[in-house]
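In our numbering, the protein residues as written are 21 to 364.
All C-beta atoms in this analysis are idealised placements derived from N, C-alpha and C, irrespective of residue type, glycine included.
Bear in mind that the values here come from a model prediction, so they are computed numbers and not experimental data.
Structure record follows, encoded as structure tokens.
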Amino acid sequence: MSTKSPSSSGSGHKGHESEYTEEIKNPGLDVLSLSRAVRARKAEYTRRRSIRVKVGTWNVAGISGTEKDVGKWFVKGDGVCPKFSGTNYAREPEFQSHSKHDQQKSDGDKKDTFHYSPEEIDLYVLGLQEVVDISSPTEALRPYVDLAPSKRWKEAVQKALPEGYQLVSEAQLVGLLLLIYASPAIGQSISSISSTSVGTGLMGYMGNKGAVATRLVLGETTRLVFINCHLAAGSDKGSLERRNWDSSQIVQRARFDPVWSDGESSGDSGEAIGDEDFTFWFGDLNYRLDDIPGDDVRLVLSRHTGNEYDKERQEKLSSSHPGNPKADSDDESPSSPPKKRRQI
Numbered sequence: 021m022s023t024k025s026p027s028s029s030g031s032g033h034k035g036h037e038s039e040y041t042e043e044i045k046n047p048g049l050d051v052l053s054l055s056r057a058v059r060a061r062k063a064e065y066t067r068r069r070s071i072r073v074k075v076g077t078w079n080v081a082g083i084s085g086t087e088k089d090v091g092k093w094f095v096k097g098d099g100v101c102p103k104f105s106g107t108n109y110a111r112e113p114e115f116q117s118h119s120k121h122d123q124q125k126s127d128g129d130k131k132d133t134f135h136y137s138p139e140e141i142d143l144y145v146l147g148l149q150e151v152v153d154i155s156s157p158t159e160a161l162r163p164y165v166d167l168a169p170s171k172r173w174k175e176a177v178q179k180a181l182p183e184g185y186q187l188v189s190e191a192q193l194v195g196l197l198l199l200i201y202a203s204p205a206i207g208q209s210i211s212s213i214s215s216t217s218v219g220t221g222l223m224g225y226m227g228n229k230g231a232v233a234t235r236l237v238l239g240e241t242t243r244l245v246f247i248n249c250h251l252a253a254g255s256d257k258g259s260l261e262r263r264n265w266d267s268s269q270i271v272q273r274a275r276f277d278p279v280w281s282d283g284e285s286s287g288d289s290g291e292a293i294g295d296e297d298f299t300f301w302f303g304d305l306n307y308r309l310d311d312i313p314g315d316d317v318r319l320v321l322s323r324h325t326g327n328e329y330d331k332e333r334q335e336k337l338s339s340s341h342p343g344n345p346k347a348d349s350d351d352e353s354p355s356s357p358p359k360k361r362r363q364i
């Protein structure tokens with residue numbers, strides 16, 4: 021009896037262990053269903069909060085040195101006209117006061133400034149095109165990404181931003197570069213960052229045209245997607261159709277890593293564009309303005325996007341052609357200048 025007891029006791033112990041293991045593998049509570057149910061009722065335990073997102077985009081035409089004045093036009097907003105930048109908006113309703121005194125003060129503030137101070141922005145998103153010369157076959161077909169332009173831009177932006185802002189995402193596809201910086205106030209609440217790229221250039225897949233995109237989640241509730249694209253050029257009907265095709269390919273082929281681990285993503289390979297709560301699509305879209313002369317458009321833009329970089333180039337041009345009256349003219353533009361930049 022005594023010799024069989026340990027064996028009997030061991031069998032009993034193994035039996036209990038097996039039952040416990042089985043219980044862990046197949047618990048009575050469906051954790052995944054609970055997770056989905058909790059997220060479905062997020063409105064009951066979350067509170068709304070407004071954040072400020074500043075988006076800047078610029079085709080720099082492969083010209084080095086264009087990063088020098090990024091602090092002035094992108095961070096500080098110098099030289100940007102509110103009528104053309106789209107930033108002449110009223111403050112959010114939750115920040116508005118119903119008292120007469122505060123309302124008058126608010127109206128006065130809107131007249132003095134059309135944009136918030138650099139420290140009041142929660143997310144800075146910079147989308148650049150042609151940070152390398154994409155017309156060069158060497159660059160367009162390079163099997164790896166040239167990180168030198170990215171390094172220059174990151175250093176320039178970080179230096180221009182207020183203290184405490186951190187780079188949370190960067191993505192590059194040949195000449196496309198997407199940088200996202202977060203303020204100290206929301207940096208810790210950002211999660212599930214995923215970036216992807218879609219090439220639509222040569223043969224429909226090369227990266228000389230296409231997009232880079234980043235998806236991030238704020239406060240574990242709100243998904244934001246940022247798409248920096250460079251679509252096909254040209255003013256004929258075929259080019260228009262190609263731009264539309266480029267856009268459709270970006271939407272169809274872009275995939276992000278799933279936010280949730282329970283397979284709730286829209287597709288087997290990850291989340292798609294369209295599953296997010298908010299989308300910011302920007303870049304060099306190359307769509308044309310019909311019935312408006314190109315020279316008129318360029319004149320209007322040049323009047324409202326003055327910057328130190330253009331002034332430097334104009335001064336160099338003037339000094340190199342002292343006897344040329346055109347060199348001193350405001351209408352003379354440098355050869356192959358970067359395309360105009362935009363803020364949102």
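Checklist entry - Is it the case that the Cβ atoms of Y307 and R262 are separated by a distance below 8 Å? => result In the sequence shown, residue 307 corresponds to position 287, counting from 1. In the sequence shown, residue 262 corresponds to position 242, counting from 1. Cβ atoms of Y307 and R262: not closer than 8 Å.
Next on the checklist: Just to confirm before moving on: does the CB-CB distance between L196 and G230 stay below 8 Å?
Outcome noted: Reading the sequence shown from its first residue, position 176 is the one you call residue 196. Reading the sequence shown from its first residue, position 210 is the one you call residue 230. Yes, Cβ-Cβ distance for L196 and G230 is below 8 Å.
Item to check | the stretch 264 to 277 contacting the stretch 243 to 251, beta-carbon criterion three pairs below 8 Å | outcome: yes
Checklist entry - The beta strand (DSSP E) spanning L143 covers which residue range? => result Here residue 143 corresponds to residue number 123 of the sequence shown, with the count starting at 1. Run containing L143: L143 to Q149, per the beta strand (DSSP E) assignment.
Checklist entry - Are there 16 or more other CB atoms within 10 angstroms of the CB of D304, so buried, or fewer, so exposed? => result Against the sequence shown, residue 304 aligns to sequence position 284. Burial call: buried.
Checklist entry - In the stretch 214 to 290, which residue ranges form an unbroken alpha helix (DSSP H) of at least 4 residues, counting only runs that do not cross its ends? => result 257 to 273
Item to check | Rounded distance between the beta-carbons of D297 and I206, thought under 8 Å | outcome: As a working note, residue 206 is residue 186 in the sequence shown. As a working note, residue 297 is residue 277 in the sequence shown. Not quite, the Cβ-Cβ distance comes to about 15 Å (not below 8 Å), so this is no contact.
Checklist entry - Alpha carbon to alpha carbon, what distance is there between V245 and N86? => result One-based indexing of the sequence shown puts residue 86 at position 66. One-based indexing of the sequence shown puts residue 245 at position 225. A small correction: the amino acid at residue 86 is Thr; Asn does not occupy that position in the sequence shown. When rounded, the distance between both Cα atoms is 26 Å.
Next on the checklist: Run through the DSSP bridge pairs and tell me what S322 is partnered with.
Outcome noted: Counting from one through the sequence shown, the residue named residue 322 turns up at place 302. Answer is none; S322 lacks a bridge partner.
Next on the checklist: If you follow the alpha helix (DSSP H) that T158 is in, where does it begin and where does it stop?
Outcome noted: Mapped onto the sequence shown, residue 158 falls at position 138. Start and end: P157 to A160.
Item to check | Same chain, Cβ closer than 6 Å to G147, five either side skipped, listed in chain order | outcome: Here the question's residue 147 lines up with position 127 in the sequence shown. Same-chain partners within the cutoff: T77, L198, N248, F302 and G303.
Item to check | Where the alpha helix (DSSP H) through V177 begins and ends | outcome: Taking the sequence shown and counting its residues from 1, the one referred to as residue 177 is at position 157. Residues A168 to A180.
Next on the checklist: I need the boundaries of the beta strand (DSSP E) containing K74, first residue and last residue.
Outcome noted: Along the sequence shown, read from residue 1 onward, the residue named residue 74 stands at position 54. That run of the beta strand (DSSP E) goes V73 to N79.
Checklist entry - Does the beta-carbon distance from Y144 to L167 come in below 8 Å? => result Stepping through the sequence shown from its first residue, residue 144 is reached at position 124. Stepping through the sequence shown from its first residue, residue 167 is reached at position 147. No, Cβ-Cβ distance for Y144 and L167 is not below 8 Å.
Item to check | Identity of the residues DSSP links to A205 by a beta bridge | outcome: Counted from its first residue, the sequence shown places residue 205 at position 185. Looking at the DSSP assignment, A205 forms no beta bridge with any residue, so it has no partner.
Item to check | Buried/exposed call for A60, threshold 16 Cβ in 10 Å | outcome: Taking the first residue of the sequence shown as position 1, residue 60 is located at position 40. Label assigned to A60: exposed.
Checklist entry - Any chance the stretch 207 to 215 sits against the stretch 156 to 170, with 3 or more Cβ pairs inside 8 Å? => result no
Checklist entry - What residue from G227, A63, V95 and P313 has the CA that sits closest to V152's CA? => result For the purposes of this step, residue 152 is taken as residue 132 along the sequence shown, with counting starting at 1. Minimum Cα distance to V152 is reached at G227.
Next on the checklist: Below 8 Å on the Cβ atoms is my contact criterion, and I expect V232 with S215 to pass it. Report the Cβ-Cβ distance as a whole number of Å.
Outcome noted: Locating residue 232 in the sequence shown gives position 212, counting from the first residue. Locating residue 215 in the sequence shown gives position 195, counting from the first residue. Indeed they touch by this definition, with Cβ atoms about 7 Å apart.
Next on the checklist: Among L309, G239 and D277, whose alpha-carbon lies nearest the alpha-carbon of D256?
Outcome noted: In the sequence shown, residue 256 corresponds to position 236, counting from 1. Residue L309 is the option with its Cα nearest to D256.
Next on the checklist: Check this for me: beta carbons of K88 and A191, under 8 Å apart or not?
Outcome noted: Taking the sequence shown and counting its residues from 1, one reaches residue 88 at position 68. Taking the sequence shown and counting its residues from 1, one reaches residue 191 at position 171. Cβ atoms of K88 and A191: not closer than 8 Å.
Item to check | Cβ-based burial, A160 [other Cβ within 10 Å; buried from 16] | outcome: Stepping through the sequence shown from its first residue, residue 160 is reached at position 140. It is buried - the Cβ of A160 has at least 16 other Cβ atoms within 10 Å.
Item to check | L319 to D311 span [Cα, whole Å] | outcome: Here residue 319 is taken as the residue at index 299 of the sequence shown, counted from 1. Here residue 311 is taken as the residue at index 291 of the sequence shown, counted from 1. Distance between the alpha carbons of L319 and D311 is about 16 Å.
Checklist entry - Do T234 and S203 have their C-beta atoms closer together than 8 Å? => result Position 214 of the sequence shown, counted from the first residue, corresponds to residue 234. Position 183 of the sequence shown, counted from the first residue, corresponds to residue 203. Not a contact, by the Cβ cut-off of 8 Å.
Item to check | Per-residue DSSP class, three states only, for E183 | outcome: Mapped onto the sequence shown, residue 183 falls at position 163. The answer is coil: DSSP assigns E183 none of H, G, I, E or B.
Item to check | Local Cβ density within 10 Å of Y201, reported as buried at 16 or more and exposed below that | outcome: As a working mapping, residue 201 is identified with position 181 in the sequence shown. By the neighbour-count rule (16 or more Cβ atoms within 10 Å), Y201 is buried.
Item to check | Supposed close pair V279, S212 - CB separation, criterion 8 Å | outcome: Position 259 of the sequence shown, counting from 1, holds the residue named residue 279. Position 192 of the sequence shown, counting from 1, holds the residue named residue 212. Right, their Cβ atoms sit about 5 Å apart.
Item to check | DSSP state of G303 mapped onto helix, strand, coil | outcome: As a working mapping, residue 303 is identified with position 283 in the sequence shown. DSSP places G303 in strand when its eight states are reduced to three.
Checklist entry - How many Å lie between T66 and R243 at the Cα? => result For this step, residue 66 is matched to residue 46 along the sequence shown. For this step, residue 243 is matched to residue 223 along the sequence shown. Approximately 15 Å, taken between the alpha carbons.
Checklist entry - Would R323 be called buried (16 or more neighbouring beta carbons within 10 Å of its own) or exposed? => result Along the sequence shown, one-based indexing puts residue 323 at 303. So R323 ends up on the exposed side.
Checklist entry - Helix, strand or coil for E87 per DSSP? => result Locating residue 87 in the sequence shown gives position 67, where the first residue counts as 1. If DSSP states are grouped into helix, strand and coil, E87 belongs with coil.
Checklist entry - Would a C-beta distance cut-off of 8 Å place L193 and K174 closer than the cut-off? => result Reading the sequence shown from its first residue, position 173 is the one you call residue 193. Reading the sequence shown from its first residue, position 154 is the one you call residue 174. Cβ atoms of L193 and K174: not closer than 8 Å.
Next on the checklist: Quick check on this structure: which residue in K74, I83, A81 and G82 has the alpha carbon closest to the alpha carbon of W93?
Outcome noted: Against the sequence shown, residue 93 aligns to sequence position 73. Nearest of K74, I83, A81 and G82 to W93, Cα basis: K74.
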